[in-house]
Amino acid sequence: MKRFLPLLEVLLYVIMFLVIQMAVTFLVTGVQLCITAGTENDDLTTQIKALLSGTFMPDATGLIIISVISSVLTLLLFLLLRWAPVSPTYLRSRPWAVFAWTVVLTLGTIIPSTWLSEQIPYEMPKDLEAMLIHMMHNRWGYLAIGILAPLAEEVVFRGAVLRVLLKVVDERWHWIPIILSAIIFGAVHGNVQQFVHAMLIGLILGWMYYRTRSILPGVLFHWVNNSAAYVITNLMPGAENAHLVDFFGGDQQAVWMSLIFSCCLILPALFQLYLHMRKAK
3 MKRFLPLLEV LLYVIMFLVI QMAVTFLVTG VQLCITAGTE NDDLTTQIKA
53 LLSGTFMPDA TGLIIISVIS SVLTLLLFLL LRWAPVSPTY LRSRPWAVFA
103 WTVVLTLGTI IPSTWLSEQI PYEMPKDLEA MLIHMMHNRW GYLAIGILAP
153 LAEEVVFRGA VLRVLLKVVD ERWHWIPIIL SAIIFGAVHG NVQQFVHAML
203 IGLILGWMYY RTRSILPGVL FHWVNNSAAY VITNLMPGAE NAHLVDFFGG
253 DQQAVWMSLI FSCCLILPAL FQLYLHMRKA K
């Protein structure tokens, strides 16, 4: 029975993460529904039925509020109950080289991850995509996407889930927990396109946590990745609907060159991180 206790812990963490998301979504959406009742063509009864069936979608402002409240509650729960213990030990080791190469690695993954997303035959649900785009164009959206989401997700999926999974297996099999936590991380995003992207990124984030036993490199990676998406969306109008080749004037050869250039960032960054990443004493 003791062997399965860590797995039950992981299940608890994932369930609590999802419960918080769903409860806050239901509460905020319900409040928004009541506020807007009478201003829409549907009456309140019809909207309540839509809410209960999951077909009523909040607007961008509602989604930002949901994301912020969910992230804050998640952080409070996991940190106060010490499901994801945190300490300044790793930061005191002055891992500046790790942080610098993490930024390089993150920037190097932007073009390949965009290219990969375009190869996936499944598209993100249109309503969800539209709301995420509106969040990106809202200044408060950065608080949700760029700051709180990286913190909350790293605390849950690396600081809690992966930390426990690493205790289950022998050190030689550490990739099994990393892969499993990455799959869980991808699955909670709820659609195929985000699943593939989040799972692959989760492998990198998991490797970083395994090497350092700190969520800080992962938080930095997550923050740079989300911030880059936010900046590109706001500095380049229409970028969210454009394909990678459009950024290069329709030149497919330039796309391949950009992918090669990205590899010239990713490979040295991974090598340097391998050399510098270690658990703080």
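Under the numbering used here, the first residue of the sequence shown is numbered 3, with each subsequent residue one higher.
Where a beta carbon is used, it is the ideal one built from N, C-alpha and C, also for glycine.
Quick caveat: nothing in here was measured; it's all calculated off a predicted structure.
- Query: How many Å lie between residue 239 and residue 144 at the Cα?
  - Reply: For the purposes of this step, residue 239 is taken as the residue at position 237 of the sequence shown. For the purposes of this step, residue 144 is taken as the residue at position 142 of the sequence shown. The alpha-carbon atoms of residue 239 and residue 144 are separated by roughly 17 angstroms.
- Task: Report yes if the CB atom of residue 268 is closer than 8 angstroms to the CB atom of residue 111, and no otherwise.
- Result: As a working note, residue 268 is residue 266 in the sequence shown. As a working note, residue 111 is residue 109 in the sequence shown. Their beta carbons are under 8 angstroms apart, which means residue 268 touches residue 111 by this criterion.
- Query: Do the segment 195 to 213 and the segment 175 to 187 meet, that is, are 3 or more Cβ pairs less than 8 angstroms apart?
  - Reply: Between the segment 195 to 213 and the segment 175 to 187 there are three or more C-beta pairs closer than 8 angstroms, enough to call the two in contact.
- Query: How many angstroms separate the CA atom of residue 98 from the CA atom of residue 170?
  - Reply: Start at 1 with the first residue of the sequence shown, and residue 98 comes out as number 96. Start at 1 with the first residue of the sequence shown, and residue 170 comes out as number 168. The straight-line gap from Cα to Cα measures roughly 31 angstroms.
- Item | the segment 260 to 277 touching the segment 68 to 88, judged by at least three CB pairs closer than 8 angstroms | No, they do not touch.
- Query: Nearest CA to the CA of residue 149: which residue from 73, 178, 183?
  - Reply: Taking the sequence shown and counting its residues from 1, the one referred to as residue 149 is at position 147. Out of 73, 178, 183, 73 has the C-alpha closest to the C-alpha of residue 149.
- Give a yes or no on contact between the segment 246 to 264 and the segment 152 to 165, applying the rule of three or more CB pairs nearer than 8 angstroms. No: fewer than three Cβ pairs fall under 8 angstroms.
- Query: In or out: residue 124 buried (at least 16 other Cβ within 10 Å) or exposed?
  - Reply: Reading the sequence shown from its first residue, position 122 is the one you call residue 124. Answer is exposed; the Cβ neighbour count stays below 16.
- Which value, in whole angstroms, describes the spacing of the CA atoms of residue 135 and residue 142? For this step, residue 135 is matched to residue 133 along the sequence shown. For this step, residue 142 is matched to residue 140 along the sequence shown. Approximately 13 angstroms between the Cα atoms of the pair.
- Report the three-state DSSP secondary structure of residue 136 (helix, strand or coil). Working through the sequence shown from its first residue, we reach residue 136 at position 134. The answer is helix: DSSP assigns residue 136 an H, G or I state.
- How close, in whole Å, do the beta carbons of residue 65 and residue 137 come, if the pair is a contact with beta carbons under 8 angstroms? By one-based count along the sequence shown, residue 65 stands at place 63. By one-based count along the sequence shown, residue 137 stands at place 135. Right, the Cβ-Cβ distance comes to about 6 angstroms (below 8 angstroms), so this counts as a contact.
- Message: Give me, in chain order, the residues of the same chain whose beta-carbon lies closer than 8 angstroms to that of residue 164; leave out the 5 immediate sequence neighbours on both sides.
- Response: The residue you call residue 164 lines up with position 162 of the sequence shown. The answer, listed in chain order, is 179, 180, 183, 208, 211, 212.
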